[in-house]
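*Asks:* When the letters of the sequence shown are read in order and numbered with the numbering used here, they come out as residues 432 to 745. C-beta atoms are modelled at their ideal positions from N, C-alpha and C, and glycine is treated no differently.
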Amino acid sequence: MSRVSRLSHVSATHSTEDLDEVQESKELTPRTTRDGFDRDPDDDKRPSNWTPSTASTGATGTGQYQLTNRGGSVLSKPVINNIYLGDYWNTTAGKTVASQNDAYAKDIEQSSYMGVLAQYGVGKGSFAGSTVVPAATPAKITESDIQSIVKKAIASGTQSSDPQAIHTVILPPGTVLSDSDGDSSTDGLGGYHGSYAGPDGQPVYYAAIVYGQGKNGIDFDGKPSDAISIVESHEWSEAETDPDVNSPIKGKKLGWYNDANGEVGDEALDALPLKSVYGKVDGFAVQKEWSNKDQAFETAPKKAGKTNKGPIFG
Ligand SMILES: [Zn+2]
432 MSRVSRLSHV SATHSTEDLD EVQESKELTP RTTRDGFDRD PDDDKRPSNW TPSTASTGAT
492 GTGQYQLTNR GGSVLSKPVI NNIYLGDYWN TTAGKTVASQ NDAYAKDIEQ SSYMGVLAQY
552 GVGKGSFAGS TVVPAATPAK ITESDIQSIV KKAIASGTQS SDPQAIHTVI LPPGTVLSDS
612 DGDSSTDGLG GYHGSYAGPD GQPVYYAAIV YGQGKNGIDF DGKPSDAISI VESHEWSEAE
672 TDPDVNSPIK GKKLGWYNDA NGEVGDEALD ALPLKSVYGK VDGFAVQKEW SNKDQAFETA
732 PKKAGKTNKG PIFG
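#1: For the region 533-610, list the beta strand (DSSP E) runs that are entirely contained and at least 3 residues long, ordered along the chain.
#2: Closer than 8 Å by C-beta to Leu-548: which residues in its own chain qualify, once you throw out the five before and the five after it? Chain order, please.
#3: Give me the Cβ distance between Thr-568 and Tyr-519, rounded to the nearest whole Å; I'm assuming they're in contact under 8 Å.
#4: Let me know the secondary structure DSSP gives Ile-680 once reduced to three states.
#5: Can you tell me where the beta strand (DSSP E) with Leu-620 in it begins and where it stops?
#6: Measuring only the C-alpha atoms, how far is Asn-723 from Thr-522?
#7: Quick one: what's got a C-beta closer than 7 Å to Ile-580's C-beta in the same chain, skipping five residues either side?
#8: Quick check: the Cα distance between Val-635 and Gly-682, rounded to an integer number of angstroms?
#9: Which class does Trp-520 belong to by DSSP, given the choice of helix, strand or coil?
#10: State buried or exposed for Gly-588, treating a residue as buried only when at least 16 other CB atoms are found within 10 Å of its CB.
#11: Return the chain-ordered list of same chain residues with a C-beta closer than 6 Å to the C-beta of Ala-716, the five sequence neighbours on each side being excluded.
#12: Got a sec: does ligand 1 put a non-hydrogen atom nearer than 7 Å to the Cβ of Gly-693?
#13: Give the DSSP-derived three-state secondary structure of Ala-699 in the structure shown.
#14: Contact check, Gly-686 vs Asp-697 under 8 Å by CB: the rounded distance?
#15: Using DSSP's beta-bridge definition, name the partner residues of Val-510.
Here's what the structure looks like:
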């Protein structure tokens, strides 16, 4: 049974020698399968805890990308824990990407990016730290593996025990990720987020992130560090605005959702060409998120009017 919400991308078959052809095929090919509600008929189903939108669940405004809250909770003070899987992350190359990714996690949770999510009740977050799980590079990782890795990391004491922690497992280069619905990172799956019931019966939140490179995961711009941070921004934003999607715990409701497009991060993938779904915040590549308030895909909220000449702090 699915406990996850996926970010996936149906990549076009193309020759890597021909850049024009790559760009053209990205424009013309349906690009996304949407988390929990995608174009593949096999996956065309709603989250297990889906309920219809009502006027009392945050339905302000209209429009095809409008998100409504279905009664679920959000993360008011999210905490990011990074779990790097495999010995690769102890190599010089791996350490470089991991330290940059940790710096990104620390920065983004305090950045203007969180201002886009504030309208959904999400507060600024924090970075609790990271750990490397030693292992030879696994060929494949399943959702059940991800849950086991998180459980072991928590048991080892390396993870924050904060109930709003998002335990984020980052895979090494070449490792193929699959989800419970049979999608694989070799088919364009970039990552997912989900939860399981912890020993106290409360949800433990996690995300799985593919090292997007070439035909594994989503290779946005040829830079794996960008592929990782963009997918993380997608999954963290969704875990923050809709932590309990498909929750195995009775009574846990769906959060912010759009019946046609899915969760907050899924909408840009539906609406924009792949090369336009991301931008930079403080030098880091992040995905644009849908703002009900501004009716736009954003990496920061719109400024409140052009007449605002208030103090500017650098
Ligand atoms: Zn998603």
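*Replies:* Working from what's here:
#1: 557-564 and 596-601, all fully within the region 533-610.
#2: Hits under 8 Å: Ser-668, Glu-671, Thr-672, Val-695 and Glu-720.
#3: With a contact defined as Cβ atoms closer than 8 Å, Thr-568 and Tyr-519 qualify at about 6 Å.
#4: Residue state, collapsed to three classes: coil.
#5: Segment 620-628, the beta strand (DSSP E) holding Leu-620.
#6: C-alpha separation (whole angstroms): 43 Å.
#7: Leaving aside the five residues that flank Ile-580 on each side, the residues in its chain whose CB is nearer than 7 Å to its CB run, in chain order, Ile-514, Leu-516, Val-564 and Val-600.
#8: Here the alpha carbon of Val-635 sits roughly 15 Å from the alpha carbon of Gly-682.
#9: In the structure shown, Trp-520 falls within a helical segment according to DSSP collapsed to helix, strand and coil.
#10: By the neighbour-count criterion, in which a residue is buried when 16 or more other Cβ atoms sit within 10 angstroms of its Cβ, Gly-588 is exposed.
#11: The beta carbon of Ala-716 sits closer than 6 Å to those of Asp-657, Ser-660, Ile-661 and Tyr-709, all from its chain and outside the five residues before and after it, given in chain order.
#12: The nearest non-hydrogen atom of ligand 1 is less than 7 Å from the C-beta of Gly-693.
#13: Ala-699 falls in the helix class under three-state DSSP.
#14: In fact, because the Cβ distance is near 13 Å, the residues do not count as touching under 8 Å.
#15: Partner(s): Ser-557 and Ala-596.
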